[in-house]
Amino acid sequence: MQPGDEITPLAVTPDRYLTVRYAGASGDFNPIHIDEEFAQQVGLPGKILHGLYTMAQVARAHTDVGGGPGSLKRLGVQFRGMGLPEHELVVTGTVRSVEDGVAVVECGCEQNGKRIIRNAEAELRLRLRDAS
Amino acid sequence: MAVNTGVIGKTYPTAEYAVGREKIREYAQAVGETNALHLDVTAAREAGHADVVAPPMFAVVYSFPALWPVLFDPEVGIDFSRMVHGGQEFEWGPLVVAGDEITTTVSVADVSERAGNGFYVFASESVNARGETVCSGRWSNIVRGA
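Chains A and B are the protein sequences, given in the same order.
Sequence positions in the first sequence follow the numbering used here and run 1 to 132.
Sequence positions in the second sequence follow the numbering used here and run 1 to 146.
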């Protein structure tokens with residue numbers, strides 16, 4: 001992994017009921033994520049994705065390229081706008097620096113051409129064979 | 001809107017979370033994890049772990065119980081109908097596996113007001129039974145002004 005390298009993009013389309021499964025798995029039952037009528041009543045287009053689900057996709061893109069869950073040292077993101085079920089999410093990232101066995105990756109997540117996670121930065125612990 | 005900066009530094013009672021194997025699997029499946037370490041006990045043990053491994057973002061699950069008190073603290077005074085999750089940062093230490101007991105402490109790291117909006121940053125620190133910090137979190141919330 002070298003500065004300028006792009007990480008393998010991760011693309012996923014959350015299905016219609018994903019937010020319900022994620023609510024159960026995470027414990028976040030805010031109705032804007034699971035109740036279409038409620039979401040529309042508060043001015044949203046419909047149920048929206050949990051920001052932390054989308055962040056989990058950014059994390060997964062990094063652990064996939066980093067070689068497992070132990071490779072992700074740090075991840076910081078800003079949420080912008082909203083993610084929707086049944087639309088593809090694409091996570092991308094570019095290596096900014098590699099130092100002392102840690103790669104810093106500038107990353108983000110886009111949906112329908114809008115960056116819903118931006119100013120994100122990940123630190124990946126490189127495996128020994130990659131760290132030299 | 002007025003924000004109460006007097007709560008900066010306030011710390012809340014610790015909350016404990018017992019990490020279950022099926023909870024890890026449920027979470028891993030919900031976020032689309034395909035790595036067998038999260039799903040298959042045999043694969044996790046062959047890789048040297050005591051049980052299935054929590055994905056890093058499972059930190060959300062074991063941290064949440066410690067966050068409720070600050071979110072509902074009248075001294076902090078968050079109006080949920082106007083709150084949006086502005087940002088999130090986690091830094092991870094040793095891996096969490098099923099069977100771990102995680103203790104999380106939450107404090108108010110910062111409160112400020114800009115352009116009529118309230119900015120709240122909460123800090124969480126989660127440690128395992130060996131006293132190792134498995135995850136530090138910074139939870140940034142924005143409460144839009146009236």
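By construction, the Cβ of each residue, glycine as well, lies at the ideal position given by its N, Cα and C atoms.
Owing to the predicted nature of the structure, the values given are computational and were not obtained by experimental measurement.
- By alpha-carbon distance to proline 31(A), the top candidate from Ala39(A), Glu106(A) and Gly24(A) is Ala39(A).
- Here the segment 65 to 74 of chain A makes contact with the segment 115 to 130 of chain A; the two share three or more CB pairs at distances below 8 Å.
- One finds Tyr22, Ala25, Tyr53, Ala56, Gln57 and Arg60 in chain A with Cβ atoms closer than 8 Å to the Cβ of valine 31(B), taken in chain order.
- Sequence-ordered contacts of the segment 94 to 110 of chain A with chain B are nonexistent [C-beta pairs closer than 9 Å].
- For the C-beta of glutamine 78(A), the chain B residues within less than 9 Å are, from N- to C-terminus, Gly86, Gly87, Gln88 and Ser140.
- Using beta-carbon distances, aspartate 35(A) does not count as an interface residue toward chain B, since no partner is under 9 Å.
- Rounded to whole angstroms, the separation of the alpha carbons of glycine 137(B) and valine 41(B) is 28 Å.
- If one requires a minimum length of 3 residues, the beta strand (DSSP E) runs lying completely within the segment 4 to 81 of chain B are 15 to 18, in chain order.
- For tyrosine 53(A), the uninterrupted alpha helix (DSSP H) segment begins and ends at 51 to 66.
- Neighbours of leucine 89(A) in chain B, taken as residues at a C-beta separation under 8 Å, are lacking, since the least C-beta distance is about 10 Å.
- Using a 10 angstroms sphere on the CB of glutamine 111(A), the tally of other CB atoms reaches 16 or more, which defines it as buried.
- Threonine 8(A) places its beta carbon 9 Å or farther from that of alanine 59(A).
- Contact annotation: valine 106(B) and valine 7(B) have beta-carbon atoms that are not nearer than 9 Å.
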